[in-house]
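Protein chains in written order, with the working numbering: chain A, 1 to 127; chain B, 1 to 204.
All C-beta atoms, glycine included, are put in the ideal place defined by N, C-alpha and C.
All values reported here derive from a predicted model rather than from experimental measurement.
Note sheet for the following structure.
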Amino acid sequence: MVSKVLICDDSNMARKQMARALPDHWPVDVTFAKHGEEAIEFIKANEFEVMFLDLTMPVMDGYETLEAIRKDDLPIMVLVVSGDIQPEAQERVKKLGAIDFIKKPVDQARIAAVLTEYGIIGEAPNE
Amino acid sequence: MNEQIALSEDERDCYQEITNVAMGQAADRLARLLGVYVVLPIPNVNIIEINEFKMTLKSLEGNATVSAVCQGFIGAGIAGEALLIFNDASFTDIAKLLDYPGNLDKHEELEMLMDVANVLNGACIQGIGGQLDIDFSQSHPVVLGQHCSISDLLSEKKNAWQRTMAIEINYTIEDHNINCDLLLLFTEESVLHMNRLISFLLDD
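Laid out in structure tokens, this is it:
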């Protein structure tokens, strides 16, 4: 089963870094969005399982995106990926419905641990 | 060496993202020091001529007086200056947050300015260095001026370079009247060197 994943970040480099940090054994179909407004359009048009969402973005930032998802009750799990590591930022996004917070720069082990914790992926297969 | 410094869209994006991560670390330190939430902007990254730089500074000024601290950093062939400019109106609120009693004298303001500069400059410079695998040494912060206009600040600094890469971060603090600008300025040689360093981040 291929998982549909949305990566939303205004930085091209950050989008690529995020895509590269996804677990190797996780079959995914990745779509990229440049800001929240684009992400919301994609989510309304297609079904996605998970979104990795940046906070500081032009047009529509991560907080506004979470609010829009909640308002329309859109069916997607959101993991916030941000350089804003203030405790307050982490609390706010969780209150707005994000399931967890991952700090930038992203590392593969942390992403895999979070995805496993929420049952999005199984344990890594033994080599 | 007369190579003109320039940034491609990818390079600019890369510096912006590196700054984004570094300023997040700096904001976290300041948030913990003051017990507040720091609103993070999207940083500006530009190659600018010294004249444009003066205009940038003037546009920050408005009519307010400012206090400013600069701090040099150097490491692995990269050198620059971090310039932190505080709107003087910010001091009253910072003093409240740091529990300074009564009216502030110039020395207490200076102490606060240095404290905040140490946190913001230090964390930001080390944050950028960390991502590029560079261990930056920082010089002691120097006060460029207290309660002066931006024009006064500019006359203090002689024109040491013509073009620079400037990274501008405007920090504001939620629910408080605190506003400061952190400018990171890199020498031309440094930008050439850093462009080579970040090329590994940009490779697919």
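Are any of the Cβ atoms in chain B nearer than 8 angstroms to that of residue i?
i, result
"I43 of chain A", "no"
"N12 of chain A", "yes"
"G83 of chain A", "yes"
"T65 of chain A", "no"
"T31 of chain A", "no"
"T116 of chain A", "no"
"K94 of chain A", "no"
"K105 of chain A", "Per the sequence shown, residue 105 of chain A should be read as Pro rather than Lys. P105 of chain A counts as touching chain B."
Kindly indicate if chain A contains any beta-carbon less than 8 angstroms away from that of residue i.
i, result
"L84 of chain B", "no"
"Y37 of chain B", "yes"
"E17 of chain B", "yes"
"V143 of chain B", "no"
"D135 of chain B", "no"
"I42 of chain B", "yes"
"A31 of chain B", "yes"
"N121 of chain B", "no"
"C70 of chain B", "no"
"Q25 of chain B", "yes"
"C124 of chain B", "no"
Below 6 angstroms CB to CB, which residues in the same chain sit around residue i once its five sequence neighbours on both sides are set aside?
i, result
"F32 of chain A", "I7 and R15"
"A76 of chain B", "I134"
"G97 of chain A", "L66 and R70"
"M1 of chain B", "With a pLDDT of 47 at M1 of chain B, under the threshold of 50, the modelled position of this residue cannot be trusted; read the value that follows with caution. Nothing listed; no residue qualifies."
"E109 of chain B", "F91"
"K4 of chain A", "D29, F48 and E49"
"E37 of chain A", "V59 and M60"
Quick one: what's residue i bridged to in DSSP?
i, result
"V28 of chain A", "A:S3"
"E108 of chain B", "Answer by DSSP bridge pairing: none, since E108 of chain B is not bridged."
"K103 of chain A", "A:S82"
"N179 of chain B", "B:T172"
"N87 of chain B", "B:V66"
"R163 of chain B", "B:E49"
"V50 of chain A", "A:V5 and A:M77"
If you check the beta carbons only, do residue i and residue j fall under 8 angstroms apart?
i, j, result
"L30 of chain B", "L183 of chain B", "no"
"I173 of chain B", "P41 of chain B", "no"
"D54 of chain A", "D9 of chain A", "yes"
"I78 of chain B", "M194 of chain B", "yes"
"L33 of chain B", "V69 of chain B", "no"
"L104 of chain B", "G35 of chain B", "no"
"L79 of chain A", "V50 of chain A", "yes"
"D13 of chain B", "S11 of chain A", "yes"
"L202 of chain B", "G80 of chain B", "no"
"Q138 of chain B", "I50 of chain B", "no"
"A64 of chain B", "N87 of chain B", "yes"
Excluding the five sequence neighbours on either side, which residues of its own chain have a C-beta within less than 7 angstroms of the C-beta of residue i, listed in chain order?
i, result
"V106 of chain A", "Q17, M18, A21 and V81"
"G129 of chain B", "G75, D135 and F136"
"Q90 of chain A", "F101"
"E127 of chain A", "Note that E127 of chain A scores a pLDDT of 48, beneath 50, so its modelled location is shaky and nothing firm can be said."
Residues in the same chain with beta-carbon distance under 8 angstroms from residue i, minus the five sequence neighbours each way, listed in chain order, please.
i, result
"V119 of chain B", "A26, R29, L30 and L33"
Is the region 18-25 of chain B touching the region 117-129 of chain B, taking contact as three or more C-beta pairs under 8 angstroms? yes
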